Each structure stands twice: as structure tokens, then as C-alpha cells.
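Here the structure is laid out as C-alpha cells; the discussion comes afterwards.
There are 2 protein chains.
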Amino acid sequence: MFENIDTPAVLIDQIRVEANMKRLQDYCNAHGIRLRPHIKTHKLPGTALQQIKCGAVGVTCQKVGEAEIMAEGGVGDILITYNIIGKSKVERVRALNDRIDLAVVADSDFVVSGLSNVLQNSTKPLTVLVECDTGMRRCGVQTIEAAMQLAKDIDAAAGLRFGGLMSYPPTGRISEVNTWLDEAKSLILTNGIECPVVSCGNSPDLELWHKAPVVTEHRAGTYIYCDRNMILQGVATEDDCALIVLVTVVSTPTKTRAVIDAGSKALTSDLSLKPGYGLIIGHPGLDISALSEEHGHITSDLPHRLQVGQRLRIIPNHVCPVSNLFDKVHFVRGEKYDQPVSVAARGALT
Amino acid sequence: MFENIDTPAVLIDQIRVEANMKRLQDYCNAHGIRLRPHIKTHKLPGTALQQIKCGAVGVTCQKVGEAEIMAEGGVGDILITYNIIGKSKVERVRALNDRIDLAVVADSDFVVSGLSNVLQNSTKPLTVLVECDTGMRRCGVQTIEAAMQLAKDIDAAAGLRFGGLMSYPPTGRISEVNTWLDEAKSLILTNGIECPVVSCGNSPDLELWHKAPVVTEHRAGTYIYCDRNMILQGVATEDDCALIVLVTVVSTPTKTRAVIDAGSKALTSDLSLKPGYGLIIGHPGLDISALSEEHGHITSDLPHRLQVGQRLRIIPNHVCPVSNLFDKVHFVRGEKYDQPVSVAARGALT
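Which chain is which? The protein sequence lines are Z and X, in order. As numbered in my numbering, residues 4 to 353 make up the first sequence, in order. As numbered in my numbering, residues 4 to 353 make up the second sequence, in order.
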């Protein structure tokens, strides 16, 4: 299978992609939640358009460069969930805002001022959501009072429009997250400011967000491909995993040790809940116990029975960085495949 | 400094690159060791040519694709230290062998047969070295007898020429490695086969290879830039580090926690000897304690005193994968810099 594809290679099963896409869209539709998938997982404008055709309201990006590439590919509604800092980036945001429906986030006055300085004379205001730290301890304002104050600042800033609240939530704490965001929203409304959007969501808590009624928008990313982490978290099965890395055994130095042609440059050195750097499909007794840049080290307790030249299929621990390591990916349907597709938003770091 | 460069960005100090290059070349010259630097660290044909101009005999690549890009850039002597498997890759090796001085390695009959099948009618034989496992437990034949047998097989194979021995050695075990390779070489000579090259070397044992008299060739890679791992191993200082990642503080949620715009997509999730994902130049009290894809989490015991918008310079744990994450890098000399340079061999995975 796939003999004409040189390894290491990424294969993406479109049948599984479509099933994953539809499943979450159906869930969101059933609960009246708007889906705004994160493109970090696939980085493909074509797949973003498929998600929108399936019912998503738009997409989420992390970088201005990613949003530019998605807009170029035809996506018309984008939320950048990142503090955009520096005149040149904000000018790119302004240019993008003139072309599409765009929103960004802010968690400090510094970010709001930087946006307003460039946008103040714009004919079209830029929508800005307040990023809230509801327990993840990454970015975000720390209190509901700070959220309210920043909403006021955005509301008052020339060229900006307050769009609502946004949080990247900690896994498994839906109720706490809902309370935080609900109280913040109420405080903002009390201050006479509308709060149309409350954007939240992640893949580990994929189909639990209806338990957070304040949330209007779900931003899952990984669900489109799934990965070993999602399997270990109990929210996906091996059969849901749409992206696999096709590799070749290049050496079998001993009966319990083999080497594949995919190392950290193909599988990423991202760790998982369990030891090992990926799941080898069909070989439950084999572990990817270590990676160097171009070598994956397979070890086993019993003899591995692998042969040099043999091909293996691996589900990565974390699928999103894998999409960032391959210039091209192969779309497959069962055993059929076409020419590789460019990962257009790969490496869009700024 | 570097205000016009958007972050995250890679800056490469050419003054330090040249000093690192010259220092190791001087060492090799003084001890009669031929230097064949590994391009995995920089992935830049221009830098490879600089290394050769400085006295290197050629370069080392890990992938056929990297070697093709280096040859295209003008490099005329390349060793690919990888088992090349599969007809299409071996055909590319044959085409490359017709253009430049090329050598590859093998650690099994399977690899030797695959090479010979394609090269047997070539007018120019392909040089093949035997990869030896001298303690690293990655690829390589396991015994000196197996090395001798494979040397015989290569010597007898149509279209191939036995070139010598190659090992990626374990750190800090020069004497053991020397014994292994010396005994293997002697056994091969006893069997009437010449063994012109014994290729070894790494950056952690940078200037120790004169203690292994059997070694004729040194393949260090990381020495050209150095990194936090080399500092922690005691073979480089902060001032030797030529590649730094320029980042911006995007959020300061609390007095002891800040967030930068470089996560695993910029710094890699490669771990180091000590906790933390990089060294923040000039801020010894700050730790990069965690990474998500686009966020670096800085934590400190005392208040960090960082401001949103402030720029920081980071020495990565492991510099080679960082070169693989950026499409372009900025060459700098002190505070001067030009247009960014394309990392030509980035992502050449096959």
C-alpha cells in the first residue's frame, strides 16, 4: 500500500476527516453552539473551506500569517486568538480586516492601545475579544473585573469594537469555566456593553461544551485528525485518527530493537500522557521509545519480527506540530491517493 | 535592536559562526583529522561552502533531499550517513553520484543489495561505508565480525566501492569507540580490503577526537552555532552561541508569570539536561518552564519585571531542530543585519 510514496510521509484519510468534521458539526448544531475550528491542526485552506461548507461559522488562527493564507484561500471569517503586538503586524491586521470578517483578542491595555493606534482612522472597526484565563494559566486577564475593565477600554478605543470573551480552557473543568465566563459576561452587560460572543472549546472536552451554557462558540482543532493524546484521553479511537505518518524500517540492529526513518523532525518530540512517541498501528507490542532527529527507536520486550524495508503506519502523539513539519501531505481515501497537497500555512510564524 | 524584524525570528551572528568554524578547523588541522561538518545544524548551502572554504573536506547530510540541495548550492563532496532504502531514493543517489563525490552508509545486506541493484551498471561506483554501533544503540552493525562481513559484501557488490567505517558515537567514550573501530579496521585489512576512511565525531566531544587515532574524519554539526545543551555539557559558553531566537513578551498575567510569542513551533519541545526550554540571555532568574505551540511560558520565583512588548533573546536547548522550523533566518554582525536568508534544506525529509 502506498508503495510509490517515499517515506517519511503524512497520509490524511479524507473519509475519516469528513466523518470527524460532520460528527462535531452535528453535535454543535444539536446544541446551538457555533463551531469555529482551529486551523492549527491542518493548516490547509481547502480543509478550512470544507469545515465552513459543513457548517462552521469561520475558522480560528493563531498568527496573522496563518490568517492571511486562509483569507487568500477564500476563508471570509477569521478569529485570531492571539495578542497582536508591533506596528507591522497590526498594519497587516488592518489590511486583513478591510478584506474579511476579522476578530482578534487582547488581554492588556498595551495590546488594545497598539491596535487602536493603527486602526483609529479605519472606516471599518476591528472586533476585539477579551482573552480570559479561566484556569489554563497561559494568557488572559486574571479576574472578571479585569475582563470588564478591558471590555470598557476596547469599547472606548477608536477603531475598535468589543466582540465578547474568549478563553482557552483547562481540560475537564467545564463548570468552573462556565461560571467564570458567565460572571464576567454579566458584569460587562451590567456596565451597558453588549457581549455577543463567548468563545471557548478544545478537543479533549470535545462534546461537553453544551454543559457550559454561556459558551456560544467552540474552537476545537485536533478533532479533525485526532491523535494518540485524544485516544489516551478517551475522546477518540484508533479508527478516528485521520492523519498517519508512513515510515520505513531502516535498521534492525537486534531482535528487540529497530530503527525507522522518522524522528523528531517527522513525529515531533512532543510528549504524551503515556511514554512513547506514537502508536504503531497493528503492532501493540512495539514502542517508539526514543527519537533523534531522523531516527525513531523502536523497542520491544519480545522479538519485534520487523524487517528492514518494511513499512509502518504511526499515529503521532500530537498531530498539530506534525502538520507543521511536512511541506506536503497526501490525501488518501482507503488505499487510493492523488498528488500531494501543499501545507500552505505551515511555518507561518509571524 | 532589530526593531524591524518581526518575532519570533532566528538571528545568526556571523562573527560567532566564523569563530566557531575556525576553532574546530584549527583543531582538526593541528591533529591531522579531516573535518566533514554535518549540515543538519544550519541547512544552508552558503554556510556549507564557507565551511569547505575554511578547510572542511566536504559535508555530511542525513537525507538524499538535503544532499541534492547542497549539491545544487555548489557542494562537491557529500557523505550521507543514512541507510538509503527504496528504488526511487537509490535512483536519486545514483544521479547525485554522477555529479559529485558522494558516499553513503549501510548496516545490512538489505541496504547493500538495494544500492547495488540500481548502481550495478553505473560507470562510476558508489562509495559505501559500513555504519558501526560503537555504543550509541541506534543504527549500525553490532560486532566487528559483522562490520568485516558487510565490508566484504560491499567490496564484492557490483557498482559499489567499500569506503571505510562510520559511527555516530556515544558521548564521552572516545577510548571504547577507538578500540571498536580499530579492531574492525584491522580485521577488514587482514581480509585484504582497504579501509581508507574512519568517520566519527560529534559536538559534545568536540575537541577530543585526537585521542582516537583510528578516526580520520570528524563530523560535528552543532559546533557551528552551539546551544544550551553544549553549554550545559561544558563545551561552549553563552558567547559562543551564534543562533538566537528573538521573541516578544505578549502577556504578563502575573508578577511571576509571563508569556512569549515562541512556543514549540519556534523553540522545539526538545528537552535538555536541565529543566527549561531555553536560556533567556541576560535574565538568569527567568525560566522557560513550558511550551505550547505558539506560547512560551516564563516563570520566576521573584517578580519578573517583564513588560508586554519587550523583546528577549533566547538560546535554544537544541539548535538543529530550530533551523528546521524557520523558513528564513537573519544573518547578523553585531547589531547589523541584511535581508533574511532561505533555509534551503529545511524540511527535506526524504
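Ideal Cβ placement from N, Cα and C applies to all residues, glycine included. These numbers were taken from a predicted model, which means no experiment stands behind them.
Through-space distance from residue j to residue i, alpha-carbon basis
| i | j | result |
| --- | --- | --- |
| V335/Z | A12/X | 35 Å |
| G79/Z | R37/Z | 16 Å |
| T257/X | T146/Z | 11 Å |
| R19/Z | T240/Z | 11 Å |
| L27/X | G61/X | 14 Å |
| L52/Z | V262/Z | 38 Å |
| C31/X | C244/X | 20 Å |
| S254/Z | I81/X | 22 Å |
| G162/X | A109/X | 14 Å |
| F165/Z | D101/Z | 17 Å |
| M139/X | L153/Z | 55 Å |
| L289/X | P306/X | 9 Å |
| S345/X | L190/X | 46 Å |
| P40/X | A293/X | 32 Å |
| Q123/X | V325/Z | 38 Å |
| E21/X | S202/X | 24 Å |
| V248/X | T271/X | 11 Å |
| Q17/Z | Y228/Z | 10 Å |
| M406/X | M24/X | Outside the shown range of chain X (4 to 353) lies residue 406/X, about which nothing can therefore be said. |
| A187/X | G266/X | 45 Å |
Coarse secondary structure for residue i, derived from DSSP in three states
| i | result |
| --- | --- |
| P382/Z | This structure does not reach residue 382/Z, given that chain Z is present from 4 up to 353, and the question cannot be answered. |
| M4/X | coil |
| N194/X | coil |
| P199/Z | coil |
| G117/X | helix |
| I177/Z | helix |
| H213/X | helix |
| C57/X | coil |
| N100/X | helix |
| R314/X | strand |
| L184/X | helix |
| I15/X | strand |
| D290/X | strand |
| I72/Z | helix |
| A1/X | Limits of chain X in this structure are 4 at one end and 353 at the other, which puts residue 1/X out of reach. |
| S303/X | strand |
| G49/Z | helix |
| D273/Z | coil |
| S345/Z | strand |
| D9/Z | coil |
| D112/Z | helix |
Neighbour list for residue i in chain Z, Cβ cutoff strictly below 9 Å
| i | result |
| --- | --- |
| Q145/X | P256, T257 |
| L354/X | Residue 354/X lies beyond the stretch modelled for chain X, which goes from 4 to 353, so this question has no answer here. |
| H300/X | R140, R141 |
Burial state of residue i (16 or more Cβ within 10 Å)
| i | result |
| --- | --- |
| G195/Z | exposed |
| I284/X | exposed |
| Q65/Z | buried |
| D242/X | exposed |
| G117/Z | buried |
| L276/Z | exposed |
| P199/Z | exposed |
| T44/X | buried |
| R231/X | buried |
| L99/X | buried |
| A347/Z | buried |
| D341/Z | exposed |
| L168/Z | buried |
| T225/Z | buried |
Chain-ordered neighbours of residue i on chain Z, where CB pairs are closer than 8 Å
| i | result |
| --- | --- |
| V262/X | R141, C142 |
| C323/X | E296 |
| Q65/X | E296, E297 |
| D136/X | P256 |
Under 7 Å by beta carbon: chain Z residues contacting residue i
| i | result |
| --- | --- |
| F113/X | V311, G312 |
| K43/X | E296 |
Interface residues of chain X facing residue i [CB-CB closer than 7 Å]
| i | result |
| --- | --- |
| N86/Z | V253, S254 |
| G167/Z | Neighbours of G167/Z on chain X: none; closest Cβ ~19 Å, over 7 Å. |
Per-residue contacts from residue i into chain X (C-beta, under 8 Å)
| i | result |
| --- | --- |
| D273/Z | S267, S272 |
| K155/Z | Per Cβ cutoff of 8 Å: no residues; K155/Z is ~19 Å from chain X at best. |
| D341/Z | The premise fails here: D341/Z is roughly 18 Å from chain X at the closest Cβ pair, so nothing lies under 8 Å. |
| D110/Z | S254, P256 |
Cross-chain neighbours of residue i in chain X, by beta carbon under 9 Å
| i | result |
| --- | --- |
| S91/Z | N7, D9 |
In chain order, each alpha helix (DSSP H) run of at least 4 residues that lies wholly inside the region 129-161 of chain X: Secondary structure remark: continuous alpha helix (DSSP H) runs of at least 4 residues inside the region 129-161 of chain X, in chain order: 147-159.
query: Going along the chain, which unbroken runs of the alpha helix (DSSP H) with 4 or more residues stay wholly within the region 201-270 of chain Z?
result: 231-235, 267-270
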